[in-house]
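Participant:
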Amino acid sequence: MSDVDTPDLTELWDTAFRSLERRLNGAALRAWLRETAPVGFSDDTVVLAAPHAFAREQLDLRYGTQLREALADAAGRPLTVVITVRPEANAAQNESHPDEPDLVTTQDLKADQATSSLPPTRQGAPETFGPVGDRDAPLNEKYTFERFVIGASNRFAHAAAFAVAEAPAHAYNPLFIYGGAGLGKTHLLQAVGHYATNLYPNLRTRYVTSEQFTNEFIDAISNHRQVPFQRRYRDIDVLLIDDIQFLENKERTQEEFFHTFNALHNAEKQIVISSDRPPKQIGYLEERLRTRFEMGLLTDIQPPDLETRLAILRKRAAYEHLPVPDEVLELIAARISSNIRELEGALIRVTAFASLQRTEVTLNLAQTVLKDLFPDSSGSDISAGLIMSETATYF
């Protein structure tokens with residue numbers, strides 16, 4: 148394919164790359180461009196190979212114009228840029244996815260503690276706060292951007308989360324993601340943590356649920372350890388706080404979080420928040436907190452459509468190496484539309500039953516195992532043809 152010798156192509160890319168280094172954020176380049184290689188040059192077309200499909204998408208969306216300009220400057224003439232994926236990455240994808248602080252007293256905390264799950268603590272209990280800056284957040288290794296299935300229902304939230312992870316405190320701060328249970332909010336929060344700490348190794352990131360924040364705050368007051376608690380949540384670069392609606396009615400915890408929020412935001416540190424509802428719908432939330440939540444970017448996640456549900460199931464089956472026929476995946480995707488947690492739960496339920504019974508996963512088996520999840524299935528015969536027909540109609 149090459150009309151130009153490989154050294155000339157390499158020199159062209161090196162020149163363009165140096166130009167891009169001056170124009171673009173270095174961290175972003177490390178993430179995408181450093182692993183991208185020139186693989187062909189024919190007529191006025193340069194072909195680049197990205198390390199994987201996700202990188203290709205981001206290069207096209209975020210750096211396409213800059214790539215073309217840098218290569219055109221290096222070549223001295225306009226060029227067409229085509230971005231592909233390395234063959235080994237395509238092979239892996241095909242294998243896994245064949246189809247696709249004020250002083251607060253203990254007395255003040257009674258109201259908060261009444262609705263908290265924290266058990267009573269003993270005086271003089273050992274200090275539980277880790278060293279400041281430790282990346283001890285319990286991030287789930289499965290909750291990464293690579294494993295997040297993008298669809299119409301979550302595309303904007305994903306793009307916002309990725310932008311924040313790529314440039315903490317420079318994109319949207321705070322980022323507030325809201326939506327119903329089991330739709331992927333926690334996945335996105337933890338994906339931000341994974342990606343940002345991989346991109347910036349010295350970044351101090353902490354993921355916490357608001358319930359855990361409340362429990363630790365109560366424990367700190369009970370044991371006179373307010374200062375270590377405050378350092379734990381204020382001497383960091385990224386705070387990822389899940390299920391903020393849990394602070395509803397917790398006056399003293401809200402006050403503490405207000406000061407934590409201010410300390411981080413004033414120091415230009417990133418805050419990412421999730422909730423099951425937008426700030427205006429969180430009852431008994433201090434107005435000063437509500438306005439701070441709304442001063443950044445608010446984005447919602449909706450229940451996934453059929454196409455996205457099917458993609459989620461296929462990706463989960465591929466990652467877990469689950470031998471599930473397409474007709475079974477289509478059945479589950481067609482009948483369970485509420486949230487991702489129930490969707491994946493149904494898949495695991497079917498495969499676990501088949502494994503325990505030492506039998507193959509079939510459409511009939513799936514209908515039997517999941518009949519209690521299909522309230523309107525009695526009296527209706529769900530055939531493979533019907534599932535295929537309904538799926539074909541949708542697509």
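Numbering (the working numbering), first residue to last: 148 to 542.
Glycine residues also receive a C-beta, built at the ideal position from the N, C-alpha and C atoms.
If you're wondering where the values come from, they're calculated on a predicted model, not measured in any experiment.
1. Could you tell me the distance, in whole angstroms, from the CA atom of Arg-282 to the CA atom of Glu-489?
2. Judging by CA-CA distance, which residue of Arg-351, Ala-304, Phe-295 is the nearest neighbour of Thr-446?
3. Quick check: what's the CA-CA separation for Asn-362 versus Val-419?
4. Compare the beta carbon distance of Val-193 and Leu-226 with 9 angstroms and say whether it is the shorter of the two.
5. Assuming Tyr-431 contacts Glu-395 (C-beta within less than 8 angstroms), just tell me the rounded distance between them.
6. Is Ser-145 near Thr-333, with beta carbons less than 9 angstroms apart?
7. Entirely within the stretch 480-525 and at least 4 residues each: give me those alpha helix (DSSP H) ranges in chain order.
8. Could you tell me the boundaries of the beta strand (DSSP E) in which Ser-422 lies?
9. If the criterion is Cβ atoms closer than 9 angstroms, does the pair Gln-417 and Leu-286 meet it?
10. Does DSSP classify Val-471 as helix, strand or coil?
11. State the Cα-Cα distance for the pair Arg-439 and Glu-433, rounded to the nearest angstrom.
12. Can you say whether Asp-384 is buried or exposed, counting buried as having 16 or more other CB atoms within 10 angstroms of its CB?
13. For Ala-197, report the span of its beta strand (DSSP E) as first-last.
14. Is any heavy atom in the ligand FMN found nearer than 8 angstroms to the beta carbon of Leu-494?
15. Just the Cα atoms here: how many angstroms apart are Asn-413 and Arg-170?
16. Which residue wins for smallest C-alpha separation from Lys-427, given the options Phe-521, Gln-337, Tyr-325, Tyr-210?
17. In angstroms with no decimal places, state the Cα-to-Cα distance between Leu-386 and Pro-348.
18. For Val-311, count neighbouring Cβ atoms within 10 angstroms of its own Cβ and tell me buried if that reaches 16, exposed if not.
19. Straight-line CA distance for Phe-164 to Phe-408?
20. Would Leu-195 and Thr-231 be called neighbours here (beta carbons separated by less than 9 angstroms)?
Facilitator: With the structure as the only source:
1. Residue confidence for Arg-282 is low, a pLDDT of 44 falling below 50, so the modelled location carries little weight and cannot support an answer.
2. Relative to Thr-446, the option among Arg-351, Ala-304, Phe-295 whose CA is nearest is Ala-304.
3. Using only the alpha carbons, I get a separation of about 20 angstroms.
4. Yes, Cβ-Cβ distance for Val-193 and Leu-226 is below 9 angstroms.
5. Right, the Cβ-Cβ distance comes to about 5 angstroms (below 8 angstroms), so this counts as a contact.
6. Absent from the model: residue 145. The displayed extent of the chain is 148 to 542, so no value can be given.
7. Fully enclosed alpha helix (DSSP H) runs of 4 or longer: 487-503, 510-516.
8. Judged by DSSP secondary structure, Ser-422 falls within the beta strand (DSSP E) whose first and last residues are 417-422.
9. Contact check for Gln-417 against Leu-286 fails: the beta carbons are separated by 9 angstroms or more.
10. The answer is coil: DSSP assigns Val-471 none of H, G, I, E or B.
11. Rounded to the nearest angstrom, the two C-alpha atoms are 10 angstroms apart.
12. By the 10 Å Cβ count, Asp-384 comes out buried.
13. In the DSSP assignment, Ala-197 falls within the unbroken beta strand (DSSP E) covering 192-197.
14. Questions concerning the ligand FMN fall outside what the structure shown contains, since it holds no ligand whatsoever.
15. Separation of Asn-413 and Arg-170 (C-alpha to C-alpha, rounded to the nearest whole angstrom) is 28 angstroms.
16. Cα-wise, what sits closest to Lys-427 is Tyr-325.
17. Taking the straight line joining both Cα atoms gives about 16 angstroms.
18. When all chains shown are included, Val-311 counts as buried.
19. Our two residues, Phe-164 and Phe-408, have alpha carbons roughly 39 angstroms apart in a direct line.
20. With respect to the 9 angstroms criterion, Leu-195 and Thr-231 are classified as neighbours on the basis of their beta carbons.
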